[in-house]
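Here the protein sequences come in this chain order: A and B.
Counting from 364, one number per residue, gives the positions in the first sequence under the working numbering.
Counting from 2, one number per residue, gives the positions in the second sequence under the working numbering.
Just so it is clear, CB atoms sit at the ideal spot from N, CA and C, and this is done for glycine as well.
Computed from a prediction, not measured in an experiment: that's the story for all the values here.
Below is one structure, written out as structure tokens; the observations come after it.
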Amino acid sequence: MNTKPYITSWCRIQSNKVCVNGDVQFTSNEALATDEFLKQAFKAMNKPYMKFYKMDLLSKLGFTAAEYLLQANPFSELLDPTEKGIVLSNRSASLETDTQHQQSIVDRDNYFPSPAVFVYTLPNIVIGEICIKNAIKGENIFFISDHFDTCFTAEYIGGLMSENRIKNCIFGWIELSDDGQFFDAFLAMASASENPLNKQLTAENLAALYNQQ
Amino acid sequence: MDELIYQLKQQLIEALNLEDITPEEIDAEAPLFGDGLGLDSIDALEIILLLERHYGIKIDNPQQGSKIFFSVKTLAEYVTANKK
Chain A
364 MNTKPYITSW CRIQSNKVCV NGDVQFTSNE ALATDEFLKQ AFKAMNKPYM KFYKMDLLSK
424 LGFTAAEYLL QANPFSELLD PTEKGIVLSN RSASLETDTQ HQQSIVDRDN YFPSPAVFVY
484 TLPNIVIGEI CIKNAIKGEN IFFISDHFDT CFTAEYIGGL MSENRIKNCI FGWIELSDDG
544 QFFDAFLAMA SASENPLNKQ LTAENLAALY NQQ
Chain B
2 MDELIYQLKQ QLIEALNLED ITPEEIDAEA PLFGDGLGLD SIDALEIILL LERHYGIKID
62 NPQQGSKIFF SVKTLAEYVT ANKK
């Protein structure tokens with residue numbers, strides 16, 4: 364019985380470029396601020412979603428990566444929402460938004476904390492945004508680690524699937540620096556279904572994809 | 002009142018991150034919540050903050066919210082009556 368899931372597709376967003384399965388889907392010719400780049404990358408998909416513009420930068424980054432990933436490789440319609448999972452990680456948590464919130468409350472004479480900022484002061488909210496849009500109701504978790512731990516990620520998702528908790532899983536690394544200037548998103552889809560055309564979800568295969576330029 | 006309504010529209014667009022929407026496209030008498038702009042509960046909290054920040058108005062009774070926030074016009078009428 365196969366216990367290792369398969370990587371069916373992946374998306375990488377970094378250096379003002381969006382790639383899916385190694386192919387460039389969107390790129391910006393000019394250097395753009397993170398917010399503007401993500402807006403343009405999302406608009407290029409031509410799938411209006413007003414809520415996108417209310418998200419913080421971390422959520423915009425993860426949401427955009429998920430949308431590109433799912434455009435190339437949608438969830439099967441046969442899946443129950445509880446069979447779809449999402450496992451993400453990063454290093455900086457929601458620090459960029461945390462900093463914004465902190466700045467809004469530091470001055471007691473000009474004290475106007477924004478509810479729309481505050482609701483994003485947890486990194487797992489990006490999971491919530493992806494789940495709402497894509498009806499994902501299975502296992503979900505957001506880990507904080509120093510780097511993208513491909514060994515741990517492969518083991519964790521393999522464990523979830525071997526226990527039949529989920530059959531498909533969006534997973535990866537969504538990192539945004541505290542000043543919002545640096546970003547690195549890697550999202551992939553894992554499936555419990557055996558397919559020799561796809562790579563198995565092992566630490567080595569995952570690292571090779573993540574480190575692919 | 003027209004000037005206030007236009008100003009509120011601009012402030013709502015900025016505060017609520019209403020992308021690609023201009024003040025001219027917002028119907029002052031259309032519902033803000035549900036259909037129309039499709040605002041949610043977080044947006045309602047942001048509007049409360051907007052009233053306090055720009056007009057010095059604090060809403061003491063949340064029960065009044067559904068009437069005050071029905072449309073840009075009802076919002077403007079409330080601001081006109083309560084602005085400090």
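Check: Is M364 of chain A helix, strand or coil by DSSP?
Finding: Any reading at M364 of chain A must be qualified, since the residue scores a pLDDT of 46, below 50, and its modelled position is unreliable; no value is offered.
Notebook entry, point to check: By the 10 Å Cβ neighbour count, where 16 or more other Cβ atoms means buried, how is L40 of chain B classified, buried or exposed?
Noted result: Counting Cβ neighbours within 10 Å, L40 of chain B comes out buried, since at least 16 surround it.
Next item on the list: Can you give me the start and stop residues for the beta strand (DSSP E) that A551 of chain A sits inside?
Entry: Per DSSP, the continuous beta strand (DSSP E) segment holding A551 of chain A begins and ends at 546-554.
Notebook entry, point to check: Which residue or residues does DSSP assign as beta-bridge partners of T390 of chain A?
Noted result: A:K380
Next item on the list: With DSSP collapsed to three states, give me the class of Q8 of chain B.
Entry: Helix at Q8 of chain B.
Notebook entry, point to check: Helix, strand or coil: how does DSSP classify K84 of chain B here?
Noted result: coil
Next item on the list: Might you give, ordered along the chain, the residues of its own chain that have their beta carbon closer than 7 Å to the beta carbon of I520 of chain A, omitting 5 neighbours on each side?
Entry: Once the five neighbours on either side are set aside, the close Cβ partners of I520 of chain A are P368, V450, C532, F534, A553, L564.
Note to self: Quick check: A45 of chain B and G66 of chain B, are their CB atoms within less than 8 Å of each other?
What the structure shows: In this structure, the beta-carbon distance from A45 of chain B to G66 of chain B falls below 8 Å.
Note to self: Against chain A, with Cβ distances strictly below 8 Å, would E20 of chain B count as a contact?
What the structure shows: Yes, because at least one Cβ of chain A sits closer than 8 Å to the Cβ of E20 of chain B.
Next item on the list: Using DSSP bridges, identify the partner residues of Y369 of chain A.
Entry: A:S554, A:Q563
Margin query: With DSSP as the reference, identify every bridge partner of E538 of chain A, one or two as the case may be.
Written below: A:D547
Item checked: Close beta carbons around E30 of chain B, own chain, < 6 Å, minus the five adjacent residues each side -> When the five nearest sequence neighbours on each side are left out, the beta carbons in the same chain lying within less than 6 Å of the beta carbon of E30 of chain B are those of S72, K74, in order along the chain.
Check: Where does G37 of chain B sit, in a helix, a strand or coil, going by DSSP?
Finding: coil
Notebook entry, point to check: Does any residue of chain B bring its CB to less than 8 Å from the CB of R471 of chain A?
Noted result: no
Next item on the list: Could you give the DSSP three-state label for D503 of chain A: helix, strand or coil?
Entry: A small correction: the amino acid at residue 503 of chain A is Asn; Asp does not occupy that position in the sequence shown. Here N503 of chain A sits in strand by DSSP.
Margin query: Measuring only the C-alpha atoms, how far is K85 of chain B from L13 of chain B?
Written below: 20 Å
Next item on the list: Give me the Cβ distance between T445 of chain A and L420 of chain A, rounded to the nearest whole Å; I'm assuming they're in contact under 8 Å.
Entry: Actually they do not touch by this definition, with Cβ atoms about 30 Å apart.
Next item on the list: Report yes if the C-beta distance between E47 of chain B and S477 of chain A is below 8 Å; otherwise report no.
Entry: yes
Next item on the list: Quick one: using the 10 Å Cβ neighbour count with 16 as the cut-off for buried, is N436 of chain A buried or exposed?
Entry: buried
Notebook entry, point to check: Any idea if F549 of chain A is buried or exposed, counting beta-carbon neighbours within 10 angstroms, 16 or more meaning buried?
Noted result: buried
Note to self: In chain order, what are the residue ranges of uninterrupted alpha helix (DSSP H) at least 4 long that sit wholly in the region 421-505 of chain A?
What the structure shows: 458-468, 478-481, 488-497
Next item on the list: Please confirm if the region 369-384 of chain A is in contact with the region 564-575 of chain A, defined as three or more CB-CB distances below 8 Å between the two stretches.
Entry: Of all C-beta pairs linking the region 369-384 of chain A to the region 564-575 of chain A, three or more are shorter than 8 Å, placing the two stretches in contact.
Next item on the list: Quick one: residues in its chain with C-beta nearer than 8 Å to the C-beta of I468 of chain A, no 5 flanking neighbours on either side, listed in chain order?
Entry: Y474, P476
Notebook entry, point to check: Going by the CB atoms, is the gap between V381 of chain A and Y416 of chain A shorter than 8 Å?
Noted result: no
Check: In terms of DSSP beta bridges, what is N531 of chain A paired with?
Finding: The bridge partners DSSP lists for N531 of chain A are A:K447, A:S554.
Checklist line | Spatial distance of M364 of chain A from E459 of chain A (CA atoms) | finding: With a pLDDT of 46 at M364 of chain A, under the threshold of 50, the predicted position of this residue should be treated as unreliable, and no value is reported.
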